[in-house]
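Protein chains: 2
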Amino acid sequence: MRGVLHPNLSPGDIWLRRLSDLMDLSDGARAAVREAVSAPRNYQPREHIVRDGLEDNAVRVLLSGFACRYKYLPDGSRQITAFIVPGEICDFAFLSDSSASQSVVTLTQSSVGTVDLDRLAGIVEQFPDVMTAILRCAAIEHGASIELLVSLGGRNALHRVSHLLCEMHFRLSQSGLVREDGSFDLPLTQAELGEALGLSTVHVNRTVQVLRRLGLATWRDKVVTLPDPQGMQALCSFDAGYLQSR
Amino acid sequence: MRGVLHPNLSPGDIWLRRLSDLMDLSDGARAAVREAVSAPRNYQPREHIVRDGLEDNAVRVLLSGFACRYKYLPDGSRQITAFIVPGEICDFAFLSDSSASQSVVTLTQSSVGTVDLDRLAGIVEQFPDVMTAILRCAAIEHGASIELLVSLGGRNALHRVSHLLCEMHFRLSQSGLVREDGSFDLPLTQAELGEALGLSTVHVNRTVQVLRRLGLATWRDKVVTLPDPQGMQALCSFDAGYLQSR
DNA sequence: CGCGGGTTTGAGACGTGTCAACGCGTGTGG
DNA sequence: CCACACGCGTTGACACGTCTCAAACCCGCG
Chain C
279 MRGVLHPNLS PGDIWLRRLS DLMDLSDGAR AAVREAVSAP RNYQPREHIV
329 RDGLEDNAVR VLLSGFACRY KYLPDGSRQI TAFIVPGEIC DFAFLSDSSA
379 SQSVVTLTQS SVGTVDLDRL AGIVEQFPDV MTAILRCAAI EHGASIELLV
429 SLGGRNALHR VSHLLCEMHF RLSQSGLVRE DGSFDLPLTQ AELGEALGLS
479 TVHVNRTVQV LRRLGLATWR DKVVTLPDPQ GMQALCSFDA GYLQSR
Chain B
279 MRGVLHPNLS PGDIWLRRLS DLMDLSDGAR AAVREAVSAP RNYQPREHIV
329 RDGLEDNAVR VLLSGFACRY KYLPDGSRQI TAFIVPGEIC DFAFLSDSSA
379 SQSVVTLTQS SVGTVDLDRL AGIVEQFPDV MTAILRCAAI EHGASIELLV
429 SLGGRNALHR VSHLLCEMHF RLSQSGLVRE DGSFDLPLTQ AELGEALGLS
479 TVHVNRTVQV LRRLGLATWR DKVVTLPDPQ GMQALCSFDA GYLQSR
């Protein structure tokens, strides 16, 4: 059906869009990337895309849905280290030819495209800019984990939550997933937010309520709205620089 | 003097040793890396090696001393995101052909070698394994920041401090900087440790004292000793896997 | 000798965690 | 069609880890 009903739409388009944002790519490079992305595979919520310690012969790109990377603590609690939104690469272990050091699990129903590593090697050999684009993805991903680290080390609960909401707003808008009125789907539970921000579920809840009362954010039925993005960003000194290539 | 008094010693050796640990390199590759490292430049304590936002046409490798990467918070406090020990690359922005997103500053007197980027490009073209080795450095560096993130998000003060001491012990031993008796130089102030671990100086101090009383660590005059490394690692569930390539 | 950076100590404040319970909506099985 | 279980959000009371402020101490150095 693909290529018949929508001759101009390909599953890899969302990834291509992301790569093009980070690096000017030639038509040839664009076509090669586009065609290299396999037919998507669907995942149920809470299904693993990548398992810690396993090698993989493909790059996995989230095409739709929501996922996260995490690590377990000795007491059995889970620390989420990153959220993954459509258009992003699930794991970068392939870059150093090693096995994954974290697991990646879906949070919602999702679809994932894959690019065979040998095939990718051929593409980057012919179009080195594609490699640069991918390395920029990795750099941004690293920047995001550093920013989360900064949140955990130096920001209080209110700033952590609002900073993360600002980040999500920005990243989802890059993928065209924010509506006109500034609202967007955020299919996380408050518990999951807490696992990322190092806060208890209860305290996340109270913090979200503060934001509600401040008129800066509402979060109901998995939909977040930031009526005053400027004010929100000012509250937590959000600067999207770390999410862009410069 | 170099090459005369010590015909077999070159400033780049410590970096070469690190790269070789991560990837088997051919003799040709080893020689190329060795010769590509410039004569070291010396830095005073608290002198910047890399400044946030600036591009650089060289890779900078710490050859001796101690440095850290950091970011400022809006309230003026500093979050240290990584410590850098001899043999490690100061900043990985060169990989994605972009400018540094964090600053790097020395903590002690240090010496830094540089490798010109164009020259490095020539080397990796001829010896792709060198690129893989460098990418593994980057992956380990990323792994370390994730582990710090996990500390900040999920560990209490005692576990944070002991985990960091275990990590330092391990990393310095890789560079041959741990003595027979298990002691090693850790030229940080307790305030700096706190800036990395998201703890106040006062609380770092109290926590170190607990470790002293437990007989697991002493820290006096910039020298740390772990009389019972096993016990120390058990206390904080330290697993060095994230610091090695697999 | 006095100064300054770093470490140590004490006392009290505050942010966040824990525990326990309740409400609400949805899905499921009787 | 009702009864119940379950996941998630919400609320309250209290415990506790860590922060802040302030002062003393130690030691090397000018």
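Top to bottom, those sequences are chains C and B. Per my numbering: the first sequence = residues 279 to 524. Per my numbering: the second sequence = residues 279 to 524. A virtual CB, placed ideally from N, CA and C, is assigned to each residue, including glycine. Since this is a predicted model, take the numbers as computed values, not measurements.
How many whole angstroms separate the CB atoms of residue i and residue j, which I take to be in contact at a CB cut-off of 8 Å?
i: GLY391 (chain B); j: LEU450 (chain B); result: The pair is not a contact, with the Cβ atoms about 19 Å apart (cut-off 8 Å).
i: VAL328 (chain C); j: LEU398 (chain C); result: VAL328 (chain C) to LEU398 (chain C), Cβ: 16 Å. No contact.
i: LEU385 (chain C); j: PRO323 (chain C); result: 6 Å
i: VAL488 (chain C); j: LEU436 (chain C); result: 6 Å
i: VAL345 (chain B); j: VAL382 (chain B); result: The sequence shown places Ala at residue 345 (chain B), rather than the Val named in the question. 6 Å between Cβ atoms; contact.
i: LEU494 (chain B); j: ARG414 (chain B); result: Rounded, the Cβ-Cβ distance is 31 Å, inconsistent with contact.
i: TYR348 (chain C); j: GLY421 (chain C); result: About 19 Å separates the two Cβ atoms, so there is no contact after all.
i: VAL311 (chain C); j: ILE401 (chain C); result: 7 Å
i: SER377 (chain C); j: GLU333 (chain C); result: 5 Å
i: ALA469 (chain B); j: LEU373 (chain C); result: The Cβ separation is near 36 Å, so there is no contact.
i: LEU455 (chain C); j: PRO364 (chain C); result: 7 Å
i: SER379 (chain B); j: GLY343 (chain B); result: Their Cβ separation, rounded to whole angstroms, is 23 Å, which puts SER379 (chain B) and GLY343 (chain B) out of contact at 8 Å.
i: HIS441 (chain B); j: CYS514 (chain B); result: 4 Å
Would residue i pass as an interface residue toward chain B - the criterion being a Cβ-Cβ separation below 8 Å?
i: PRO352 (chain C); result: yes
i: ALA435 (chain C); result: no
i: THR386 (chain C); result: no
i: ILE327 (chain C); result: no
i: ILE424 (chain C); result: yes
i: LEU521 (chain C); result: no
In terms of residues, what are the limits of the beta strand (DSSP E) holding residue i?
i: GLN305 (chain C); result: Just to set this straight, residue 305 (chain C) is Asp in the shown sequence, not Gln. Segment 305 to 314 is the alpha helix (DSSP H) holding ASP305 (chain C); no beta strand (DSSP E) there.
i: THR386 (chain B); result: Premise fails: THR386 (chain B) is in no beta strand (DSSP E) and is neither H nor E.
i: ILE367 (chain B); result: It is not in any beta strand (DSSP E) - ILE367 (chain B) carries neither H nor E in the DSSP assignment.
i: PHE462 (chain B); result: 461 to 463
i: THR479 (chain B); result: Unbroken run through THR479 (chain B) is the alpha helix (DSSP H), 479 to 491; no beta strand (DSSP E).
i: ALA435 (chain C); result: Unbroken run through ALA435 (chain C) is the alpha helix (DSSP H), 435 to 452; no beta strand (DSSP E).
i: ALA378 (chain B); result: ALA378 (chain B) -> no beta strand (DSSP E), and no H or E assigned at all.
i: ALA512 (chain C); result: No beta strand (DSSP E) holds ALA512 (chain C); the alpha helix (DSSP H) holding it covers 507 to 514.
i: ARG498 (chain B); result: 496 to 498
i: ARG295 (chain C); result: Looking at the DSSP string, ARG295 (chain C) is not in any beta strand (DSSP E); the run it does join, the alpha helix (DSSP H), is 291 to 300.
i: ALA345 (chain B); result: 345 to 350
i: VAL456 (chain B); result: Run containing VAL456 (chain B): none; DSSP gives neither H nor E here.
i: TYR321 (chain C); result: 319 to 321
In the DSSP assignment, the alpha helix (DSSP H) including residue i goes from what residue to what residue?
i: GLN357 (chain C); result: No alpha helix (DSSP H) contains GLN357 (chain C), which is instead part of the beta strand (DSSP E) from 356 to 362.
i: LEU413 (chain C); result: 406 to 432
i: LEU340 (chain B); result: Run containing LEU340 (chain B): none in the alpha helix (DSSP H); it sits in the beta strand (DSSP E), 336 to 342.
i: ALA474 (chain C); result: 468 to 475
So, does the CB of residue i fall closer than 8 Å to a CB anywhere in chain C?
i: MET279 (chain B); result: Note that MET279 (chain B) scores a pLDDT of 46, beneath 50, so its modelled location is shaky and nothing firm can be said.
i: ALA310 (chain B); result: no
i: SER389 (chain B); result: no
i: GLN511 (chain B); result: no
i: PRO507 (chain B); result: no
i: ILE292 (chain B); result: no
Note down, in chain order, every chain C residue with its Cβ under 9 Å from the Cβ of residue i.
i: SER478 (chain B); result: None at all; the shortest Cβ gap to chain C is about 12 Å.
i: ALA417 (chain B); result: PHE370, ALA371, LEU373, SER374, SER376 and SER379
Give the interface partners of residue i over in chain B, defined as CB-CB distance under 8 Å, in chain order.
i: GLN452 (chain C); result: Within 8 Å Cβ-Cβ: nothing; GLN452 (chain C) doesn't reach chain B, min ~17 Å.
i: GLN428 (chain C); result: Position check: residue 428 (chain C) holds Val in this sequence, whereas Gln was assumed. Here the neighbours are LYS349, LEU351, GLN357 and THR359.
Which chain C residues sit within Cβ distance under 8 Å of residue i?
i: SER355 (chain B); result: GLY432
i: GLY421 (chain B); result: SER379
i: THR410 (chain B); result: SER374 and ASP375
Using a Cβ cut-off of 7 Å, pull out every chain C residue sitting near residue i, in sequence order please.
i: GLU485 (chain B); result: For clarity, residue 485 (chain B) is Thr in the given sequence; the question names Glu instead. None at all; the shortest Cβ gap to chain C is about 15 Å.
Quick one: list the residues of chain B neighbouring residue i, beta-carbon separation under 7 Å, in chain order.
i: SER515 (chain C); result: PRO352
i: LEU413 (chain C); result: LEU373 and SER374
List the residues of chain B that residue i touches, going by C-beta distances under 9 Å, in chain order.
i: SER298 (chain C); result: Within chain B, no residue comes near SER298 (chain C); the closest Cβ sits about 15 Å away, beyond 9 Å.
i: THR503 (chain C); result: Ordered by position in chain B, no residue passes the 9 Å Cβ test against THR503 (chain C), which lies about 25 Å from the chain.
Quick check: the region 401 to 408 of chain B against the region 499 to 518 of chain B, are there 3 or more CB pairs under 8 Å? no
With three or more beta-carbon pairs closer than 8 Å as the criterion, would you say the region 351 to 360 of chain B touches the region 427 to 436 of chain C? yes
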